[in-house]
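First to last, the sequence lines map onto chains A and B. Position one of the first sequence corresponds to residue 70 (the numbering used here), numbered consecutively onward. Position one of the second sequence corresponds to residue 78 (the numbering used here), numbered consecutively onward. All residues carry an ideal CB built from backbone N, CA and C; glycine is no exception.
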Amino acid sequence: MWDQANIKLTGGPHGIPRHVVSGIQRDRLLRAMARTVAEFGYQETTVRRLLARAGLSRRTYYELFEDKEECFLAAYDEVAEHVMALVEEAFAAGDGPEDRIERALRAYLGFWAQEPDIARMCVVEVLAAGPAARARRAAATDRFAELLAEPLLELRGDRRLSELSARGLVGGVQELIYGPIDAGQTEGLADLAEAVVASQVAPLALLET
Amino acid sequence: MPPRKGARPGDEKPARRRARRRPDQIPGGRHGLAPEEVAESQRGRILRAMTEAVGRDGYQAARVADVIAHAGVSRKTFYEHFEDKEHCFVVAYEQALARLLSVTIEAFEAQDEWVDQLRAGLTALLHALAQDPTVARVCFVEVLAAGPTAVATRNEAMRGFAYVYDAGRLDTDADLPGFTGISMVGGLSEILYREIVAGQTADLPKLTPELMYMSVLPFLGADTAARELERGRRRRPAGD
């Protein structure tokens, strides 16, 4: 995630094309957004603090983003895309509906476990970042729930029920991770996947009727 | 205020219209009430007005000016009771959620078997929300938009609902993780959030069969869950 963020750009002519430089600067800003928001919270995140962390000029910043909210939303969108790509890839590698759900949840939780700052930005601070950010969060939840509804439908064969159950599953996981992510204790998060599936999905496979 | 020089009759600003007194507002003048009773009445009116304002306008747009106008109190009185808008909202939220929780628990406790308790509690909660869309919006949507203190308060308060799930542990042989109750609450909360945002608050009671299915599944297994689903769907009121 944001792997270009740590590349140092020396001043003066360096022969790197303009769009590559912009890409690197953008990555640095997005990474700085996650770190700054994790440390100070969204409200207390100022452009000054962002720039100090990213090592960029105010002018460069305003060439890339209108304001703090736009920068936050760009960072959130990139994370959401990245996480969903990981989740979908893990899901596709699964064998059978239960395994697909478990792999998807493990990928989702595993990412937050590895990236506590980004997790804090996307799970905790996103709520404080205004209506547009909350709408993005709702859309990300929708997308995850739609993915999980498919294997649930395979197991139970009831569309409305599967859609609601998938939403419940995602909502339940989000409820569980908020506290640990807020407290910066993300180490064991990925292991929740197995317990969630064992208790909330596996009983479906035992349906006798 | 004397009319400005040269102003024509009817030109002067109308005297500030006295806000109409609310039915629960204490009349001015001598009323024989102790200061604590007055304060309690004011506080209750402010909290109701805050709930109404946030339910109507959303947390961000809700204004203290509207709250004090509707509550029939002065700005000074508002700040004697609460530090700021967020503080007032958090207290209003806590009260509203406590009422929802007590409606739920009361219905829950009136039954014997856990599955009947859960069904009664859930039904009571969904009906209470359907009847009061303002409270539904405040407790499941706007609280998430009201800042870190409000979210922390919400997370703690929602644990009260985990009780109705955790009680099911006594009736099951399943080896359930300790977080099952709070995870169920999170799932319920997310579903309610989406339905309320989508303007489906009045129809929440129709979700009882599906919510019962999901809630019962981890505790009593797929067969009992399926029975709850069918039972609810048979009884689901057609147009209600």
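TODO: Taking R133/B as the query, report the chain A residues whose CB atoms sit under 8 angstroms from its CB, ordered along the chain.
DONE: Here residue 133/B corresponds to residue number 56 of the second sequence, with the count starting at 1. Simply none; closest approach about 16 angstroms.
Give the interface partners of M291/B over in chain A, defined as CB-CB distance under 9 angstroms, in chain order. As a position in the second sequence, residue 291/B is number 214, starting the count at 1. Near M291/B (Cβ distances below 9 angstroms), the residues of chain A are L230, L233, S234, G237, L238 and Q269.
With 8 angstroms set as the bound, which would you pick, yes or no: does the beta-carbon of P200/A sit closer than that to a beta-carbon of chain B?
Locating residue 200/A in the first sequence gives position 131, counting from the first residue. For P200/A, the answer is yes, since a Cβ of chain B falls inside 8 angstroms of its Cβ.
Point to revise | Own chain partners of R308/B with C-beta closer than 6 angstroms, once the 5 adjacent residues on each side are dropped | key: Counting from 1 along the second sequence, the entry for residue 308/B is found at position 231. Closer than 6 angstroms at Cβ, skipping near neighbours: no residue.
Exercise. At a Cβ threshold of 8 angstroms, is G316/B touching chain A?
Worked result: Counted from its first residue, the second sequence places residue 316/B at position 239. Note that G316/B scores 45 on pLDDT, short of 50, meaning its location in the model is unreliable; the coordinates nonetheless yield the value given after this. Closer than 8 angstroms: no.
Note to self: By alpha-carbon positions, which one of E147/A, L196/A and G163/A ends up nearest to V251/A?
What the structure shows: Taking the first sequence and counting its residues from 1, one reaches residue 251/A at position 182. Inspection of the sequence shows that residue 251/A is occupied by Asp rather than by Val. Nearest of E147/A, L196/A and G163/A to D251/A, Cα basis: L196/A.
Inter-residue CB distance, Y242/B and G258/B (contact presumed, cutoff 8 angstroms): Counting from one through the second sequence, the residue named residue 242/B turns up at place 165. Counting from one through the second sequence, the residue named residue 258/B turns up at place 181. That pair is a contact at about 4 angstroms.
May I ask which residues mark the beginning and end of the alpha helix (DSSP H) holding Q269/A? Position 200 of the first sequence, counted from the start, is the residue given in the question as residue 269/A. Unbroken alpha helix (DSSP H) run through Q269/A: L261 to Q269.
Coarse secondary structure for H88/A, derived from DSSP in three states:
In the first sequence, residue 88/A corresponds to position 19, counting from 1. Helix at H88/A.
Residue from E160/B, Y290/B and Q277/B with nearest C-alpha to Q208/B:
One-based indexing of the second sequence puts residue 208/B at position 131. The shortest C-alpha separation from Q208/B is found at Q277/B.
For L217/A, which residues from the same chain have a beta carbon less than 7 angstroms from its beta carbon, with the 5 sequence-adjacent residues on both sides left out?
In the first sequence, counting from the first residue as 1, residue 217/A sits at position 148. Contacts found: I170, A173, A235, L238 and V239.
- Query: Can we count A161/A as close to the ligand SAH, meaning its CB is less than 7 angstroms from some heavy atom?
  - Reply: Inclusion of the ligand SAH in the displayed structure is not the case, the ligand content being empty and no account of it being possible.
Practice problem: Consider the Cβ of T257/B: report whether some Cβ of chain A lies at a distance smaller than 8 angstroms. | Solution: Position 180 of the second sequence, counted from the start, is the residue given in the question as residue 257/B. It does; some Cβ of chain A falls within 8 angstroms.
Just to confirm the assignment, what range does the alpha helix (DSSP H) spanning E36/A have?
Nothing about residue 36/A can be read from this structure; chain A reaches only from 70 to 278.
Within 10 angstroms of the Cβ of F109/A, are there 16 or more other Cβ atoms? Answer buried if so, exposed if not. Walking along the first sequence from the start, residue 109/A turns up at place 40. The residue in question, F109/A, is exposed, as its Cβ has fewer than 16 Cβ neighbours within 10 Å.
Problem - Buried or exposed (CB count within 10 angstroms, at least 16 for buried), A205/B - result: Locating residue 205/B in the second sequence gives position 128, counting from the first residue. Result: buried.
If we cut at 8 angstroms on Cβ distances, does T210/A have a partner in chain B? By 1-based counting over the first sequence, the position of residue 210/A is 141. Answer yes: the Cβ-Cβ gap between T210/A and chain B drops below 8 angstroms somewhere.
Quick test of your reading: L110/B and L203/B, contact by CB under 8 angstroms. State the CB separation rounded to the nearest angstrom. Here residue 110/B refers to the residue found at position 33 when the second sequence is read from its first residue. Here residue 203/B refers to the residue found at position 126 when the second sequence is read from its first residue. Contact doesn't hold; Cβ gap of about 39 angstroms is too wide.
Between R175/A and chain B, is the shortest Cβ-Cβ distance under 8 angstroms, so that the two count as touching? The residue labelled residue 175/A in the question sits at position 106 within the first sequence. R175/A does not count as touching chain B.
- Would you identify the three-state DSSP class for T249/B, choosing helix, strand or coil? Numbered from 1 along the second sequence, position 172 holds the residue referred to as residue 249/B. In the structure shown, T249/B sits in coil (DSSP, three-state: anything other than H, G, I, E or B).
Query raised in the report: Nearest-angstrom Cα distance between Q194/B and Q188/B?
Result: For the purposes of this step, residue 194/B is identified with residue 117 of the second sequence, where counting begins at 1. For the purposes of this step, residue 188/B is identified with residue 111 of the second sequence, where counting begins at 1. Cα to Cα, Q194/B sits roughly 5 angstroms from Q188/B.
Report back the beta-carbon spacing between E214/B and G132/B to the nearest angstrom; my notes put them in contact at under 8 angstroms.
Start at 1 with the first residue of the second sequence, and residue 214/B comes out as number 137. Start at 1 with the first residue of the second sequence, and residue 132/B comes out as number 55. Per the sequence shown, the amino acid found at residue 214/B is Arg instead of Glu. That pair is a contact at about 5 angstroms.
Exercise. So which residues of chain A does V192/B contact, with C-beta pairs closer than 8 angstroms?
Worked result: If you number the second sequence from 1, residue 192/B lands on position 115. The contact set of V192/B on chain A, defined by CB atoms closer than 8 angstroms, is empty, because the minimum CB distance reaches about 15 angstroms.
Margin query: Between P286/B, R140/B, V228/B and F238/B, which has its C-alpha nearest S179/B's C-alpha?
Written below: Position 102 of the second sequence, counting from 1, holds the residue named residue 179/B. Minimum Cα distance to S179/B is reached at F238/B.
Can you tell me which of L230/A, A123/A, I76/A and T115/A puts its alpha carbon nearest to the alpha carbon of A299/B? Walking along the second sequence from the start, residue 299/B turns up at place 222. Comparing Cα positions, the closest option is L230/A.
message: For E223/A, which residues in the same chain have their Cβ closer than 7 angstroms to its Cβ, ignoring the five residues on either side in sequence?
response: Position 154 of the first sequence, counted from the first residue, corresponds to residue 223/A. The residues are P166.
Quick one: list the residues of chain A neighbouring E287/B, beta-carbon separation under 7 angstroms, in chain order. For this step, residue 287/B is matched to residue 210 along the second sequence. The answer, in chain order, is R229, L230 and L233.
Are the CB atoms of V270/A and E242/A within a distance shorter than 8 angstroms? Walking along the first sequence from the start, residue 242/A turns up at place 173. Walking along the first sequence from the start, residue 270/A turns up at place 201. In the sequence under discussion, the amino acid at residue 242/A is Val, which differs from the Glu named in the question. Against a cut-off of 8 angstroms, the Cβ pair of V270/A and V242/A comes out as no contact.
Original post:
Mind pulling the chain A residues with CB within less than 7 angstroms of V262/B?
Top reply: On the second sequence, position 185 is the one that residue 262/B refers to. E244, listed in chain order.
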